[in-house]
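Read the structure below first, then the notes.
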(Lines of atoms letter the chains of each structure in order from A and count residues from 1; the text may use other names and numbers.)
(Lines give C-alpha, C1' and ligand atoms only; values in the text may rest on other atoms or scores of the structure.)
Protein backbone atom coordinates (compact mmCIF):
# COMPACT_ATOMS: atom_id res chain seq x y z
CA UNK A 1 0.00 0.00 0.00
CA UNK A 2 1.44 3.34 -1.01
CA UNK A 3 1.52 6.35 1.27
CA UNK A 4 -1.23 8.07 -0.76
CA UNK A 5 -3.44 4.96 -0.60
CA UNK A 6 -2.92 4.71 3.16
CA UNK A 7 -3.87 8.36 3.66
CA UNK A 8 -7.03 7.89 1.58
CA UNK A 9 -7.94 4.78 3.58
CA UNK A 10 -7.29 6.40 6.96
CA UNK A 11 -9.45 9.38 6.00
CA UNK A 12 -12.25 6.97 5.15
CA UNK A 13 -11.87 5.09 8.40
CA UNK A 14 -12.18 8.29 10.43
CA UNK A 15 -15.92 8.49 9.71
CA UNK A 16 -18.29 6.55 12.02
CA UNK A 17 -20.83 5.74 9.28
CA UNK A 18 -18.12 4.38 6.97
CA UNK A 19 -16.72 2.28 9.78
CA UNK A 20 -20.21 0.86 10.44
CA UNK A 21 -20.59 0.07 6.73
CA UNK A 22 -17.27 -1.80 6.79
CA UNK A 23 -18.32 -3.72 9.92
CA UNK A 24 -21.56 -4.74 8.20
CA UNK A 25 -19.74 -5.81 5.04
CA UNK A 26 -17.34 -7.88 7.14
CA UNK A 27 -20.33 -10.03 8.09
CA UNK A 28 -21.81 -10.38 4.58
CA UNK A 29 -22.00 -8.68 1.20
CA UNK A 30 -24.89 -6.21 1.00
CA UNK A 31 -26.61 -3.84 -1.39
CA UNK A 32 -27.24 -0.14 -0.71
CA UNK A 33 -30.84 -0.65 0.46
CA UNK A 34 -29.90 -3.39 2.94
CA UNK A 35 -27.06 -1.27 4.37
CA UNK A 36 -29.39 1.77 4.64
CA UNK A 37 -31.99 -0.31 6.48
CA UNK A 38 -29.43 -1.89 8.78
CA UNK A 39 -27.65 1.36 9.71
CA UNK A 40 -30.69 3.66 9.78
CA UNK A 41 -29.31 5.96 7.06
CA UNK A 42 -30.71 7.02 3.70
CA UNK A 43 -29.73 5.13 0.56
CA UNK A 44 -28.16 8.33 -0.79
CA UNK A 45 -25.96 8.66 2.30
CA UNK A 46 -24.91 5.02 2.03
CA UNK A 47 -24.10 5.48 -1.68
CA UNK A 48 -21.99 8.54 -0.88
CA UNK A 49 -19.99 6.64 1.76
CA UNK A 50 -19.62 3.56 -0.45
CA UNK A 51 -18.15 5.75 -3.21
CA UNK A 52 -15.55 7.08 -0.77
CA UNK A 53 -14.77 3.58 0.48
CA UNK A 54 -14.48 2.24 -3.06
CA UNK A 55 -12.12 5.10 -4.02
CA UNK A 56 -9.95 4.16 -1.04
CA UNK A 57 -9.96 0.50 -2.11
CA UNK A 58 -11.79 -0.64 1.03
CA UNK A 59 -14.83 -2.08 -0.79
CA UNK A 60 -15.53 -3.61 -4.17
CA UNK A 61 -18.81 -4.05 -6.00
CA UNK A 62 -20.33 -6.65 -8.30
CA UNK A 63 -23.69 -7.22 -9.99
CA UNK A 64 -26.13 -9.80 -8.62
CA UNK A 65 -29.28 -9.86 -10.75
CA UNK A 66 -30.76 -6.35 -10.42
CA UNK A 67 -28.65 -5.27 -7.48
CA UNK A 68 -25.16 -3.91 -7.06
CA UNK A 69 -23.63 -5.79 -4.15
CA UNK A 70 -20.78 -4.42 -2.07
CA UNK A 71 -18.14 -6.48 -0.36
CA UNK A 72 -15.26 -5.77 1.97
CA UNK A 73 -11.89 -5.78 0.24
CA UNK A 74 -10.10 -7.86 2.90
CA UNK A 75 -6.68 -7.60 1.20
CA UNK A 76 -6.77 -3.85 1.85
CA UNK A 77 -6.88 -4.51 5.58
CA UNK A 78 -4.22 -7.24 5.62
CA UNK A 79 -1.42 -4.66 5.41
CA UNK A 80 -0.04 -3.95 8.86
CA UNK A 81 0.42 -0.44 10.17
CA UNK A 82 4.14 -1.16 10.48
CA UNK A 83 4.29 -1.97 6.75
CA UNK A 84 2.63 1.35 5.98
CA UNK A 85 4.95 3.31 8.27
CA UNK A 86 8.05 1.62 6.85
CA UNK A 87 6.98 2.26 3.24
CA UNK A 88 9.40 4.61 1.46
CA UNK A 89 7.89 8.07 1.58
CA UNK A 90 7.76 10.44 -1.35
CA UNK A 91 8.84 13.03 1.20
CA UNK A 92 12.03 11.16 2.14
CA UNK A 93 14.33 13.16 -0.12
CA UNK A 94 12.75 16.42 1.01
CA UNK A 95 13.18 15.42 4.66
CA UNK A 96 16.81 14.46 4.04
CA UNK A 97 17.46 17.81 2.36
CA UNK A 98 15.82 19.66 5.27
CA UNK A 99 17.96 17.69 7.74
CA UNK A 100 21.12 18.61 5.80
CA UNK A 101 20.08 22.28 5.64
CA UNK A 102 19.42 22.32 9.38
CA UNK A 103 22.76 20.66 10.07
CA UNK A 104 24.57 23.25 7.94
CA UNK A 105 22.67 26.09 9.64
CA UNK A 106 23.82 24.82 13.05
CA UNK A 107 27.42 24.46 11.88
CA UNK A 108 27.38 27.97 10.40
CA UNK A 109 26.00 29.37 13.66
CA UNK A 110 28.54 27.71 15.95
CA UNK A 111 31.71 27.59 13.86
CA UNK A 112 33.71 30.54 12.60
CA UNK A 113 36.84 29.97 10.52
CA UNK A 114 36.91 26.32 11.61
CA UNK A 115 36.82 27.16 15.33
CA UNK A 116 33.90 26.45 17.63
CA UNK A 117 32.63 29.79 18.97
CA UNK A 118 30.66 28.25 21.84
CA UNK A 119 29.43 24.83 22.88
CA UNK A 120 25.70 24.56 22.17
CA UNK A 121 23.42 24.08 25.16
CA UNK A 122 20.72 22.30 23.17
CA UNK A 123 21.49 18.57 22.91
CA UNK A 124 20.46 18.24 19.26
CA UNK A 125 22.74 21.11 18.20
CA UNK A 126 25.55 19.88 20.43
CA UNK A 127 25.33 16.45 18.77
CA UNK A 128 25.75 18.04 15.33
CA UNK A 129 28.77 20.02 16.52
CA UNK A 130 30.35 16.96 18.14
CA UNK A 131 29.80 14.89 14.98
CA UNK A 132 31.62 17.59 13.03
CA UNK A 133 34.57 17.48 15.43
CA UNK A 134 34.56 13.66 15.27
CA UNK A 135 35.41 13.93 11.56
CA UNK A 136 38.95 14.87 12.64
CA UNK A 137 39.45 11.38 14.05
CA UNK A 138 40.50 8.38 11.96
CA UNK A 139 38.65 5.09 12.14
CA UNK A 140 40.55 2.06 13.42
CA UNK A 141 43.08 4.14 15.34
CA UNK A 142 43.63 4.39 19.08
CA UNK A 143 44.54 7.84 20.38
CA UNK A 144 46.23 8.81 23.61
CA UNK A 145 44.42 11.32 25.79
CA UNK A 146 46.97 13.94 24.81
CA UNK A 147 46.34 13.32 21.08
CA UNK A 148 42.58 13.60 21.64
CA UNK A 149 43.04 16.86 23.55
CA UNK A 150 45.24 18.31 20.78
CA UNK A 151 42.73 17.38 18.06
CA UNK A 152 39.82 18.87 20.01
CA UNK A 153 41.82 21.97 21.00
CA UNK A 154 42.03 22.82 17.28
CA UNK A 155 38.27 23.45 17.53
CA UNK A 156 37.81 24.79 21.07
CA UNK A 157 39.88 25.51 24.18
CA UNK A 158 37.59 23.52 26.51
CA UNK A 159 38.77 20.15 25.20
CA UNK A 160 37.91 18.36 28.47
CA UNK A 161 34.19 19.18 28.19
CA UNK A 162 34.08 18.31 24.51
CA UNK A 163 35.97 15.05 25.06
CA UNK A 164 33.55 14.10 27.86
CA UNK A 165 30.54 15.03 25.70
CA UNK A 166 31.87 13.00 22.75
CA UNK A 167 32.14 9.96 25.04
CA UNK A 168 28.66 10.68 26.44
CA UNK A 169 27.22 10.87 22.92
CA UNK A 170 29.04 7.63 22.05
CA UNK A 171 31.11 9.23 19.32
CA UNK A 172 34.31 8.28 21.15
CA UNK A 173 34.98 5.36 23.45
CA UNK A 174 37.89 4.69 25.76
CA UNK A 175 39.63 2.15 27.94
CA UNK A 176 43.07 1.90 29.57
CA UNK A 177 44.71 1.74 26.10
CA UNK A 178 43.26 5.03 24.87
CA UNK A 179 40.44 6.58 22.87
CA UNK A 180 38.93 5.62 19.52
CA UNK A 181 36.15 6.68 17.19
CA UNK A 182 33.02 4.57 17.65
CA UNK A 183 32.13 2.58 14.56
CA UNK A 184 28.41 3.48 14.88
CA UNK A 185 29.34 7.11 14.23
CA UNK A 186 28.47 7.01 10.53
CA UNK A 187 28.89 10.67 9.67
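In my numbering, the protein residues as written are 5 to 191. All C-beta atoms, glycine included, are put in the ideal place defined by N, C-alpha and C. None of the values given here were measured: they were computed from a predicted structure.
Quick one, which of the options has its alpha-carbon nearest residue i's?
| i | options | result |
| --- | --- | --- |
| residue 11 | 31, 56, 32 | 56 |
| residue 35 | 18, 66, 59, 88 | 66 |
| residue 163 | 37, 175, 150, 79 | 150 |
| residue 52 | 80, 69, 19 | 19 |
| residue 88 | 184, 187, 9 | 9 |
| residue 186 | 82, 95, 54, 139 | 139 |
| residue 30 | 106, 64, 37, 49 | 64 |
| residue 133 | 60, 111, 82 | 111 |
| residue 37 | 184, 157, 71 | 71 |
| residue 178 | 156, 152, 157 | 152 |
| residue 184 | 173, 144, 157 | 144 |
Over the uninterrupted beta strand (DSSP E) stretch that includes residue i, give me the two end residues.
| i | result |
| --- | --- |
| residue 70 | Run containing residue 70: none; DSSP gives neither H nor E here. |
| residue 178 | 176 to 179 |
| residue 183 | 182 to 185 |
To the nearest whole angstrom, what separates the beta carbons of residue i and residue j, a pair I think is in contact under 8 Å?
| i | j | result |
| --- | --- | --- |
| residue 115 | residue 121 | 7 Å |
| residue 166 | residue 123 | 7 Å |
| residue 175 | residue 135 | 7 Å |
Taking 8 Å as the threshold (C-beta atoms), are residue j and residue i in contact?
| i | j | result |
| --- | --- | --- |
| residue 62 | residue 16 | yes |
| residue 33 | residue 75 | yes |
| residue 91 | residue 148 | no |
| residue 137 | residue 182 | no |
| residue 77 | residue 13 | no |
| residue 169 | residue 130 | yes |
| residue 119 | residue 159 | yes |
Please report the residue range of the alpha helix (DSSP H) in which residue i lies.
| i | result |
| --- | --- |
| residue 172 | 163 to 172 |
| residue 29 | 20 to 31 |
| residue 100 | 96 to 114 |
| residue 49 | 47 to 59 |
| residue 89 | 85 to 90 |
| residue 135 | 127 to 138 |
| residue 62 | Careful: residue 62 lies outside any alpha helix (DSSP H) and carries neither H nor E. |
| residue 15 | 7 to 17 |
| residue 154 | 149 to 157 |
| residue 79 | Note, residue 79: premise wrong, no alpha helix (DSSP H); not H, not E. |
| residue 38 | 36 to 43 |
Does any CB atom of chain D fall closer than 8 Å to the CB of residue i?
| i | result |
| --- | --- |
| residue 172 | Reference to chain D is not applicable here, since this structure consists of a single protein chain. |
Three or more C-beta pairs closer than 8 Å, one from the stretch 17 to 27 and one from the stretch 37 to 45: is that the case here? yes
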